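Visitor: Per the working numbering, residue 1 is the first one in the sequence shown, and the count goes up by one each step.
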Amino acid sequence: MLKRTTLFSQHQRLGARLVDFGGWEMPVQYSGILDEHQCVRRHAGLFDIAHMGQVAVSGPKAEPFLQALLTNDVGRLQIGQGQYTLMCLPDGGVVDDLYLYRLEQDHYWLVINASRVEPDLVWMRGRQQESNWGDGVTVRDESGTWGAVAIQGPRCREVLERALGRWNGERIVELSKNRIATGTFDGHPLRVACTGYTGEDGFEVMAPHAALPVLWENFLAQGTDAGIKPCGLGARDSLRLEACYPLYGHELSETISPVEAGLGFFVAWKKGSFTGAEALRAQKAEGAPRKIIAIKMVAGSAPPRGGYKVWSTGPASRPIGELTSGGVSPTLGTGIGLALVERASVEIGGPVGVEIRGKRYGAEVVKKPFYRKPV
Numbered sequence: 001m002l003k004r005t006t007l008f009s010q011h012q013r014l015g016a017r018l019v020d021f022g023g024w025e026m027p028v029q030y031s032g033i034l035d036e037h038q039c040v041r042r043h044a045g046l047f048d049i050a051h052m053g054q055v056a057v058s059g060p061k062a063e064p065f066l067q068a069l070l071t072n073d074v075g076r077l078q079i080g081q082g083q084y085t086l087m088c089l090p091d092g093g094v095v096d097d098l099y100l101y102r103l104e105q106d107h108y109w110l111v112i113n114a115s116r117v118e119p120d121l122v123w124m125r126g127r128q129q130e131s132n133w134g135d136g137v138t139v140r141d142e143s144g145t146w147g148a149v150a151i152q153g154p155r156c157r158e159v160l161e162r163a164l165g166r167w168n169g170e171r172i173v174e175l176s177k178n179r180i181a182t183g184t185f186d187g188h189p190l191r192v193a194c195t196g197y198t199g200e201d202g203f204e205v206m207a208p209h210a211a212l213p214v215l216w217e218n219f220l221a222q223g224t225d226a227g228i229k230p231c232g233l234g235a236r237d238s239l240r241l242e243a244c245y246p247l248y249g250h251e252l253s254e255t256i257s258p259v260e261a262g263l264g265f266f267v268a269w270k271k272g273s274f275t276g277a278e279a280l281r282a283q284k285a286e287g288a289p290r291k292i293i294a295i296k297m298v299a300g301s302a303p304p305r306g307g308y309k310v311w312s313t314g315p316a317s318r319p320i321g322e323l324t325s326g327g328v329s330p331t332l333g334t335g336i337g338l339a340l341v342e343r344a345s346v347e348i349g350g351p352v353g354v355e356i357r358g359k360r361y362g363a364e365v366v367k368k369p370f371y372r373k374p375v
């Protein structure tokens with residue numbers, strides 16, 4: 001039996017095409033992936049992300065516990081601030097990538113991938129017991145209580161202003177990137193974070209599951225003049241691919257490290273010991289043998305997809321890796337992809353081949369990202 005968010009009825013009424021996404025019955029599209037993608041780039045889109053995991057970590061030892069568990073520097077977080085970070089294995093592989101928010105001095109909130117809720121909790125609680133943190137740290141799964149929706153796109157602030165207005169005399173739309181504010185809506189607690197997964201300005205609005213249908217309807221009603229549309233997982237994926245954001249299980253996994261994925265910026269190299277630190281520092285110093293690259297198709301071809309082989313070019317052509325994600329970019333109008341390849345075999349501007357259904361097509365290694373929002 002597939003799980004459903006409390007927005008399932010809204011998706012049905014809006015005519016969404018529903019699919020199995022990691023055990024959840026989720027909307028992949030409404031009006032169409034291309035239309036929804038362009039709506040987010042030009043106006044605003046509303047996404048159901050209530051399937052994502054929500055975990056609270058609290059207690060007087062919460063900060064040192066998370067500092068030892070995660071790659072980024074938890075100590076830099078002010079109250080009301082968030083950061084992207086990763087949870088690693090001792091060998092540098094990734095348990096999960098996530099967003100961490102500091103709500104109070106000793107109260108943190110983690111938003112984790114839906115498919116990784118159970119593995120993450122097992123890993124976190126295992127580290128908690130191994131290091132004997134005792135009563136100083138509490139790890140609590142709040143996924144069954146809290147969910148979220150995301151408003152993304154250049155007009156998202158306009159929608160948020162109309163729908164939520166002011167909290168305690170402050171305009172929440174003035175939140176800067178990675179900040180989080182708390183308040184209430186319709187009698188329910190609410191958290192609004194200036195974060196997203198599309199490459200556009202955006203907000204992720206967290207609330208108890210029971211409040212999400214009212215929030216959803218309110219955002220759609222108040223966002224009509226801003227051109228808001230409901231958007232599915234298909235557009236969410238094409239948007240994140242253009243922005244070169246990693247997807248767990250594709251560009252990150254227990255066998256792909258942050259260094260290989262090009263996410264060294266989110267590793268606090270100078271902080272003390274943390275799980276995976278020794279392996280990651282060795283990869284940084286010596287150079288990891290593999291890396292995630294961005295490729296753009298240079299001739300007409302079928303869309304590149306994850307799992308397709310990537311080849312070097314020239315007389316000694318050979319397989320050097322494979323695509324981790326791929327598709328047609330609605331913005332560029334051509335095939336694009338991310339690939340895990342041998343580091344020494346490629347360089348920016350250089351050619352590679354992509355094998356699509358037994359035929360090899362030309363592609364170029366390009367700088368990330370494929371898309372950057374206008375300033």
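Where is the CB? At the ideal position from N, CA and C, for every residue including glycine. All values reported here derive from a predicted model rather than from experimental measurement.
For the beta strand (DSSP E) that contains L103, what are its first and last residues?
Guide: Residue 103 sits at position 103 when you count from the first residue of the sequence shown. V94 to E104 is the extent of the beta strand (DSSP E) around L103.
Visitor: Distance check for I79 and Q105, CA to CA, integer angstroms please.
Guide: Taking the sequence shown and counting its residues from 1, one reaches residue 105 at position 105. Taking the sequence shown and counting its residues from 1, one reaches residue 79 at position 79. Roughly 6 Å separates the two Cα atoms.
Visitor: Is the region 70 to 78 touching the region 263 to 274, taking contact as three or more C-beta pairs under 8 Å?
Guide: These segments touch.
Visitor: Taking the Cβ atom as the reference point for each residue, do E25 and L14 lie within a distance shorter than 9 Å?
Guide: Reading the sequence shown from its first residue, position 25 is the one you call residue 25. Reading the sequence shown from its first residue, position 14 is the one you call residue 14. No, these two residues do not count as a Cβ contact at 9 Å.
Visitor: So, under 8 Å CB-CB, L340 and R290 are touching, yes? Tell me the CB distance rounded to an integer number of Å.
Guide: One-based indexing of the sequence shown puts residue 340 at position 340. One-based indexing of the sequence shown puts residue 290 at position 290. About 6 Å; that satisfies the 8 Å criterion.
Visitor: Helix, strand or coil: which one does DSSP assign to K270?
Guide: The count along the sequence shown starts at 1 and reaches residue 270 at position 270. Residue state, collapsed to three classes: coil.
Visitor: Would you call P60 buried or exposed, if buried means 16 or more other Cβ atoms sit within 10 Å of its Cβ?
Guide: For this step, residue 60 is matched to residue 60 along the sequence shown. So P60 counts as exposed.
Visitor: Taking all protein chains shown into account, do 16 or more other C-beta atoms lie within 10 angstroms of the C-beta of R157, making it buried, or fewer, making it exposed?
Guide: Along the sequence shown, read from residue 1 onward, the residue named residue 157 stands at position 157. So R157 counts as buried.
Visitor: Roughly how many whole angstroms lie between the Cα atoms of G22 and R360?
Guide: Within the sequence shown, numbered from 1, the residue matching residue 22 stands at position 22. Within the sequence shown, numbered from 1, the residue matching residue 360 stands at position 360. So the alpha carbons of these two residues sit roughly 32 Å apart.
Visitor: State the DSSP-derived secondary structure class of K367, mapped to helix, strand or coil.
Guide: On the sequence shown, position 367 is the one that residue 367 refers to. Note: K367 maps to coil in three-state DSSP.
Visitor: What residue range does the alpha helix (DSSP H) around D135 cover?
Guide: Here residue 135 refers to the residue found at position 135 when the sequence shown is read from its first residue. That residue, D135, is in no alpha helix (DSSP H); it is neither H nor E in DSSP.
Visitor: In terms of alpha-carbon separation, which member of G165, S176, G199 and G196 lies closest to A186?
Guide: Counted from its first residue, the sequence shown places residue 186 at position 186. Checking the sequence, you will find Asp at residue 186 rather than Ala. Out of G165, S176, G199 and G196, G165 has the C-alpha closest to the C-alpha of D186.
Visitor: Under the three-state reduction of DSSP, which class applies to A44: helix, strand or coil?
Guide: Numbered from its first residue, the sequence shown carries residue 44 at position 44. DSSP places A44 in coil when its eight states are reduced to three.
Visitor: Between the region 190 to 210 and the region 134 to 149, do three or more beta carbon pairs fall short of 8 Å?
Guide: Taking 8 Å as the limit for Cβ pairs, the verdict is that the region 134 to 149 does touch the region 190 to 210.
Visitor: Beta-carbon within less than 8 Å of I336's beta-carbon, same chain only, minus the 5 sequence neighbours each way: which residues are those?
Guide: The residue labelled residue 336 in the question sits at position 336 within the sequence shown. Excluding positions up to five away in sequence, the list reads L241, E242, A294, I295, K296, M297, P304, G326, G327, V328, S329 and F370.
Visitor: Could you please give me the residues that DSSP links to Q81 through a beta bridge?
Guide: Mapped onto the sequence shown, residue 81 falls at position 81. According to DSSP, Q81 bridges with R102 and R179.
Visitor: Below 7 Å CB to CB, which residues in the same chain sit around L247 once its five sequence neighbours on both sides are set aside?
Guide: Position 247 of the sequence shown holds residue 247. Excluding positions up to five away in sequence, the list reads R240 and S325.
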